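The next block holds one structure in the form of C-alpha cells; read it before the comments.
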Amino acid sequence: MSNPRRSQPPAPPEARANALAELLDEKRLIPAGFLDAVATNAEHEWSPRNGARVVARAWVDPEYRKRLLADATTACAELGYAGPQGEYMVALEDTPALHNVIVCTQCSCTAWPVLGLPPDWYKSPEYRARVVREPRRVLHEMGLDLPKSVSIRVWDTTAETRYMVLPLRPAGTEDWSEEQLAETVTREAMIGIALVSVVTSRE
Ligand code: FE
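Heads up: the sequence shown begins at 1005 in my numbering, then just goes up one per residue.
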C-alpha cells in the first residue's frame, strides 16, 4: 500500500512556517516575541556588511589581524559583532598559496553575526555534497578559477564552530581607506567561492 500522504504535494513554505510557529506558540516551546526578534535581527543585525568590516580592519591593522586569527569570536565582538551562531567563530586566512572555502555538509550553518543567514546556494544539497569532493571544479562552475599552484582547503562546519574566510586584500588598494576596503568585501568572498576584486584606475 502506498502512503496517501506522500502523494500530496507539500503545502507552500509560508503555510508550513506559519503552522510550525503556531504549534511552537501553542505548546509554549518558545518565549513570546522570539520569532519576531529573530526575523528582525536577521533583517537588520546579522549582515555580511559586518564581516566585511572585520576583514577590512584586519587588512589595515596587523595587530587586529593577529587577534582575529587567534580568536575570531573575541575580535569580532570588539567591533560589536556577536550573538547566536557566533559563539565560537574561527577566521581562516587565505594566502597566495592557500585558498579556504567553507561549507556545512550537515545542513547550512553560517556565522550569523558576520555572514548573515546562509544564501540559498549554500544550503543546496549539491553544493554541500560536491564542494568537499571536487572543490576546484565546483569553484570553477561558480566562476572562480584558481591557479593550480593554489591549494584549496574546504572546512566543514561542525556543531559549534562557525567559520569566516579572511580573503586576500586585492592588489592596487594600498592607499584605500578601511571604509573603502569594507565596501569591496562580499559574503561570497568570506565563504570562499569568490575573491575580492576591485576596479583600479591605472595608467
Ligand atoms: Fe549547518
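We put the beta carbon where it would ideally sit given N, CA and C, even for glycine.
The model shown is predicted, which means the values in this text are computed figures rather than measured ones.
Backbone secondary structure at residue i - three-state DSSP
| i | result |
| --- | --- |
| ARG1157 | strand |
| ARG1173 | coil |
| LEU1148 | coil |
| VAL1094 | strand |
| THR1162 | coil |
| THR1190 | coil |
| TYR1167 | strand |
| THR1044 | helix |
| ASN1022 | helix |
| VAL1200 | coil |
| GLU1207 | Reliability fails at GLU1207, whose pLDDT of 42 lies under 50, so the model's placement of it is uncertain and no value is given. |
| VAL1136 | helix |
| ILE1195 | helix |
Closest by C-alpha distance to residue i, when choosing among the options
| i | options | result |
| --- | --- | --- |
| ALA1060 | ASN1022, TYR1126, ARG1157, ALA1079 | ALA1079 |
| GLU1082 | ALA1036, ARG1057, PRO1035 | ARG1057 |
| VAL1105 | PRO1117, LEU1170, VAL1064, ALA1062 | LEU1170 |
| LEU1073 | PRO1016, PRO1052, ASP1098, ASP1029 | ASP1098 |
| ASP1149 | ARG1140, ARG1157, GLU1067 | ARG1140 |
| ALA1095 | GLN1110, ALA1043, LEU1119 | LEU1119 |
| LYS1152 | ARG1166, THR1161, LEU1172, HIS1103 | HIS1103 |
| GLY1196 | SER1181, TRP1180, ILE1156 | ILE1156 |
| ALA1046 | PRO1035, THR1161, ALA1115, LYS1070 | ALA1115 |
| LYS1127 | GLU1138, CYS1113, VAL1136 | CYS1113 |
| ARG1053 | VAL1189, ARG1071, VAL1202 | VAL1189 |
| ARG1071 | PRO1088, GLN1089, TRP1050, MET1093 | MET1093 |
Residue range of the beta strand (DSSP E) that includes residue i
| i | result |
| --- | --- |
| VAL1105 | 1102-1107 |
Residue i - containing alpha helix (DSSP H), residue span
| i | result |
| --- | --- |
| LYS1031 | Note, LYS1031: premise wrong, no alpha helix (DSSP H); not H, not E. |
| THR1078 | 1076-1082 |
| GLY1055 | 1052-1064 |
| TYR1126 | 1124-1127 |
| PRO1014 | Looking at the DSSP string, PRO1014 is not in any alpha helix (DSSP H), and its letter there is neither H nor E. |
| LEU1119 | 1116-1119 |
query: In chain order, what residues have a CB nearer than 6 Å to some heavy atom of the ligand FE?
result: CYS1108, GLN1110, CYS1111, SER1112, CYS1113, THR1161
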